[in-house]
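Trainee:
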Amino acid sequence: AQSVAQPEDQVNVAEGNPLTVKCTYSVSGNPYLFWYVQYPNRGLQFLLKYITGDNLVKGSYGFEAEFNKSQTSFHLKKPSALVSDSALYFCAVRVMNSGGYQKVTFGTGTKLQVIP
Amino acid sequence: SQTIHQWPATLVQPVGSPLSLECTVEGTSNPNLYWYRQAAGRGLQLLFYSVGIGQISSEVPQNLSASRPQDRQFILSSKKLLLSDSGFYLCAFERDTYNEQFFGPGTRLTVL
Numbered sequence: 002a003q004s005v006a007q008p009e010d011q012v013n014v015a016e017g018n019p020l021t022v023k024c025t026y027s028v029s030g031n032p033y034l035f036w037y038v039q040y041p042n043r044g045l046q047f048l049l050k051y052i053t054g055d056n057l058v059k060g061s062y063g064f065e066a067e068f069n070k071s072q073t074s075f076h077l078k079k080p081s082a083l084v085s086d087s088a089l090y091f092c093a094v095r096v097m098n099s100g101g102y103q104k105v106t107f108g109t110g111t112k113l114q115v116i117p
Numbered sequence: 157s158q159t160i161h162q163w164p165a166t167l168v169q170p171v172g173s174p175l176s177l178e179c180t181v182e183g184t185s186n187p188n189l190y191w192y193r194q195a196a197g198r199g200l201q202l203l204f205y206s207v208g209i210g211q212i213s214s215e216v217p218q219n220l221s222a223s224r225p226q227d228r229q230f231i232l233s234s235k236k237l238l239l240s241d242s243g244f245y246l247c248a249f250e251r252d253t254y255n256e257q258f259f260g261p262g263t264r265l266t267v268l
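Taken in sequence, the protein lines are chains A and B.
Numbering-wise (our numbering), the first sequence opens with residue 2 and increments by one.
Numbering-wise (our numbering), the second sequence opens with residue 157 and increments by one.
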């Protein structure tokens, strides 16, 4: 079984400060990891993914995430938050598997509020 | 380029009425297709997924059903809506099992 945990329902950060949105995962095997963002009344948009290779992944809108295998984490980060970053963020995981279909599991979401 | 369409954008239906939500994908072939429901603007609940025409997997027992009559068309249906069916319905596709998902704009369903 695979699971994703986003331990914070909401994260508040002042504009211009660095932000971190936390994600931990549990899989039996090697994971594919994703971050998505959702603005109000919209579908989710893909931000970035980790498949293999460099543990630091850069994505859209200046976001990045670091894969940490020993801590089974994939935290989303940005050096300087913008008010427009305020949205709902989802972490997702899928296990690499040589055969058969594997579903993706989404976290429960973290609401990011950037305060002007 | 790949695009995904959902309609209608909003829908208000009485309890006991039927439902049909449609999702179509352009710019890719044989995508994996998904229906999710999102309640109260939070977590996603996977309802159905399809890895090919006529192949539907159901995740949650409920009064909803899904069909995939064409490669890039995915339909969510109900014969009789319940109050608990209200929510934000999202369709998504992925080119293959190990790529990211692309989501449609969603349908806001209110059952009264």
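For each residue, glycine too, the CB sits at the ideal point set by N, CA and C.
If you're wondering where the values come from, they're calculated on a predicted model, not measured in any experiment.
Just how far apart, CA to CA, sit SER185 of chain B and SER213 of chain B?
Mentor: Residue mapping note: residue 185 of chain B aligns to position 29 of the second sequence, counting from 1. Residue mapping note: residue 213 of chain B aligns to position 57 of the second sequence, counting from 1. For SER185 of chain B and SER213 of chain B, the distance between alpha carbons rounds to 19 Å.
Trainee: Taking the beta strand (DSSP E) that GLN114 of chain A falls in, what are its first and last residues?
Mentor: Position 113 of the first sequence, counting from 1, holds the residue named residue 114 of chain A. 111-116 is the extent of the beta strand (DSSP E) around GLN114 of chain A.
Trainee: Tell me the DSSP secondary structure of TYR40 of chain A in three-state form.
Mentor: Stepping through the first sequence from its first residue, residue 40 of chain A is reached at position 39. Note: TYR40 of chain A maps to coil in three-state DSSP.
Trainee: Anything in chain A within Cβ reach of GLN257 of chain B, meaning under 9 Å, just list it in chain order.
Mentor: Numbered from its first residue, the second sequence carries residue 257 of chain B at position 101. Simply PHE35, TYR37, LEU45, PHE47, ALA93 and VAL105.
Trainee: So for SER214 of chain B, helix, strand or coil by DSSP?
Mentor: In the second sequence, the residue the question calls residue 214 of chain B occupies position 58. Note: SER214 of chain B maps to strand in three-state DSSP.
Trainee: Quick one: what does DSSP say TYR62 of chain A is sitting in, helix, strand or coil?
Mentor: Indexing the first sequence from 1 puts residue 62 of chain A at position 61. Reduced to three states, the DSSP call for TYR62 of chain A is helix.
Trainee: Run down chain A in chain order and give the residues with a C-beta less than 9 Å from the C-beta of ARG198 of chain B.
Mentor: The sequence position of residue 198 of chain B within the second sequence is 42, counting from 1. By Cβ distance, chain A contributes ASP10, LEU89, THR109, GLY110 and LYS112.
Trainee: For GLU65 of chain A versus LYS50 of chain A, is the C-beta spacing smaller than 7 Å?
Mentor: Translated into positions along the first sequence, residue 65 of chain A becomes position 64. Translated into positions along the first sequence, residue 50 of chain A becomes position 49. Taking 7 Å as the Cβ cut-off, GLU65 of chain A and LYS50 of chain A do not qualify as a contacting pair.
Trainee: Going by C-alpha to C-alpha distance, which of A:SER61, A:TYR40, A:LYS70 and A:PHE47 sits closest to THR53 of chain A?
Mentor: Counted from its first residue, the first sequence places residue 53 of chain A at position 52. Ranking A:SER61, A:TYR40, A:LYS70 and A:PHE47 by Cα distance to THR53 of chain A puts A:LYS70 first.
Trainee: What does LYS70 of chain A reach in chain D if we use C-beta pairs closer than 8 Å?
Mentor: In the structure shown, chain D cannot be found, because the protein chains are A and B.
Trainee: Out of curiosity, what's the CA-to-CA distance linking GLU250 of chain B and ALA93 of chain A?
Mentor: Here residue 250 of chain B is taken as the residue at index 94 of the second sequence, counted from 1. Here residue 93 of chain A is taken as the residue at index 92 of the first sequence, counted from 1. Taking the straight line joining both Cα atoms gives about 14 Å.
Trainee: State the Cα-Cα distance for the pair GLY262 of chain B and TYR245 of chain B, rounded to the nearest angstrom.
Mentor: The residue you call residue 262 of chain B lines up with position 106 of the second sequence. The residue you call residue 245 of chain B lines up with position 89 of the second sequence. Rounded to whole angstroms, GLY262 of chain B to TYR245 of chain B spans 5 Å at the Cα level.
Trainee: When DSSP labels each residue in this structure, what does LEU203 of chain B get in the three-state scheme?
Mentor: Residue numbering aside, residue 203 of chain B sits at position 47 when the second sequence is read from its first letter. Strand, per DSSP.
Trainee: So what does DSSP say about SER71 of chain A, is it helix, strand or coil?
Mentor: Counting from one through the first sequence, the residue named residue 71 of chain A turns up at place 70. Here SER71 of chain A sits in coil by DSSP.
Trainee: Less than 7 Å between the beta carbons of GLY199 of chain B and GLY110 of chain A, yes or no?
Mentor: As a first step, residue 199 of chain B is located in the second sequence; it is residue number 43 there, counting from the start. As a first step, residue 110 of chain A is located in the first sequence; it is residue number 109 there, counting from the start. Yes, the pair counts as a contact, with Cβ atoms nearer than the cut-off.
Trainee: Looking only at its chain, what residues have a beta carbon closer than 7 Å to the beta carbon of ASN13 of chain A, apart from the 5 residues adjacent to it on each side?
Mentor: For the purposes of this step, residue 13 of chain A is taken as the residue at position 12 of the first sequence. Cβ neighbours of ASN13 of chain A beyond the five flanking positions: GLN114 and ILE116.
Trainee: Run through chain B and tell me which residues come within less than 9 Å of LYS50 of chain A, C-beta to C-beta.
Mentor: As a working note, residue 50 of chain A is residue 49 in the first sequence. Result: ASN255 and GLU256.
Trainee: For TYR205 of chain B, count neighbouring C-beta atoms within 10 Å of its own C-beta (all shown protein chains included) and say buried if the count is 16 or more, exposed if not.
Mentor: Numbered from 1 along the second sequence, position 49 holds the residue referred to as residue 205 of chain B. It is buried - the Cβ of TYR205 of chain B has at least 16 other Cβ atoms within 10 Å.
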